[in-house]
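Asks:
In full-length UniProt numbering, the protein residues as written are 1 to 254.
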């Protein structure tokens, strides 16, 4: 199910889907009989015996850990996130890459109850398009695939991913794919430097600047400069005799 299904003949495709779940009940009383319908994303096929590949880009609204999970699956499904496991950026329509590094993977044992709440987590940065792929297979009869994700702030998105998943034409020149590895992106940098100076006290200052990384994205950098005195200052008092008729006090700096 990882990728060898692509060696078989492709029956067809539909696009523009954001409701990723599958919930199909056979219309025939015979469990070993294929049933044809258009219940599978509007595409006329046999939901009772089928493999479906869904590809797109997931756009996270927040930076943090995302937990993808299947509340239930009948019969099997995998979910992959990232450029090296789902598909290479801007290659959504190309044959699947031979990766088995899945984010979530589940198979319903024959004759057993459907597994539930199979989870996997991945860290994502807000504002970047991550390749995402779901491969689902059903055999014999009932088809069940529920897809959910929990955002870093605890918000749970179930089944309908409108506003989270998108599709683009395969075009390496398009701006959506200028950052193939968003995991290297840093939203801010804090740098502290310590310098010696001739003052008699410690000085701390903060500087703000913006740098552009190799991925072409501007990054805010905060530079904290700490200046420490080279030699601690000391006060020395000396008393000397002289021929004057009054007491004289003077201060010298060396």
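Beta carbons: idealized from backbone N, C-alpha and C, even for Gly. Keep in mind the model is a prediction, meaning the values are calculated, not measured.
Within 10 Å of its beta-carbon, does residue 133 have 16 or more other beta-carbons around it, so buried, or fewer, so exposed?
Replies: Within the chain shown, residue 133 is the residue found at index 133, counting from 1. Buried: at least 16 other Cβ atoms inside 10 Å.
Asks: State yes or no: is the C-beta of residue 78 within less than 9 Å of the C-beta of residue 50?
Replies: Here residue 78 is taken as the residue at index 78 of the chain shown, counted from 1. Here residue 50 is taken as the residue at index 50 of the chain shown, counted from 1. No, Cβ-Cβ distance for residue 78 and residue 50 is not below 9 Å.
Asks: Answer yes or no: do residue 21 and residue 151 have a C-beta to C-beta separation smaller than 9 Å?
Replies: Residue 21 sits at position 21 when you count from the first residue of the chain shown. Residue 151 sits at position 151 when you count from the first residue of the chain shown. No. Outside cutoff.
Asks: Give me the residue from 11, 156, 71, 24 with the minimum Cα distance to residue 139.
Replies: Residue mapping note: residue 139 aligns to position 139 of the chain shown, counting from 1. Taking only the C-alpha atoms, the option nearest residue 139 is 24.
Asks: Tell me whether residue 75 is buried or exposed, calling it buried when 16 or more other Cβ atoms sit within 10 Å of its Cβ.
Replies: Locating residue 75 in the chain shown gives position 75, counting from the first residue. So residue 75 counts as buried.
Asks: Starting from the Cα of residue 168, find the closest Cα among 81, 41, 58 and give me that residue.
Replies: Against the chain shown, residue 168 aligns to sequence position 168. Taking only the C-alpha atoms, the option nearest residue 168 is 58.
Asks: Would residue 13 be called buried (16 or more neighbouring beta carbons within 10 Å of its own) or exposed?
Replies: Taking the first residue of the chain shown as 1, we reach residue 13 at position 13. Per the 10 Å Cβ criterion, exposed.
Asks: Would you tell me roughly how many angstroms separate the C-alpha atoms of residue 66 and residue 228, rounded to the nearest one?
Replies: As a first step, residue 66 is located in the chain shown; it is residue number 66 there, counting from the start. As a first step, residue 228 is located in the chain shown; it is residue number 228 there, counting from the start. Between residue 66 and residue 228, the C-alpha separation is close to 44 Å.
Asks: Near residue 106, which residues of its chain fall below 7 Å by C-beta distance, leaving aside the five closest residues on each side in sequence?
Replies: Locating residue 106 in the chain shown gives position 106, where the first residue counts as 1. Taken in chain order, the residues that qualify are 70, 73, 76, 77, 115, 118.
Asks: Can you tell me the Cα-Cα spacing of residue 163 and residue 16, whole angstroms?
Replies: Looking up residue 163 in the chain shown gives position 163. Looking up residue 16 in the chain shown gives position 16. So the alpha carbons of these two residues sit roughly 12 Å apart.
Asks: Among 68, 123, 110, 56, whose alpha-carbon lies nearest the alpha-carbon of residue 87?
Replies: Stepping through the chain shown from its first residue, residue 87 is reached at position 87. The shortest C-alpha separation from residue 87 is found at 56.
Asks: Inspect the beta-carbon positions of residue 68 and residue 120 and report whether they are closer than 9 Å.
Replies: Locating residue 68 in the chain shown gives position 68, where the first residue counts as 1. Locating residue 120 in the chain shown gives position 120, where the first residue counts as 1. Closer than 9 Å, so yes.
Asks: Per DSSP, residue 167 is paired with what?
Replies: Counting from one through the chain shown, the residue named residue 167 turns up at place 167. For residue 167, which the question treats as bridged, DSSP gives no partner whatsoever.
Asks: Hey, would you say residue 102 sits closer than 9 Å to residue 80, going by beta carbons?
Replies: Within the chain shown, the letter at position 102 stands for residue 102. Within the chain shown, the letter at position 80 stands for residue 80. A contact, by the Cβ cut-off of 9 Å.
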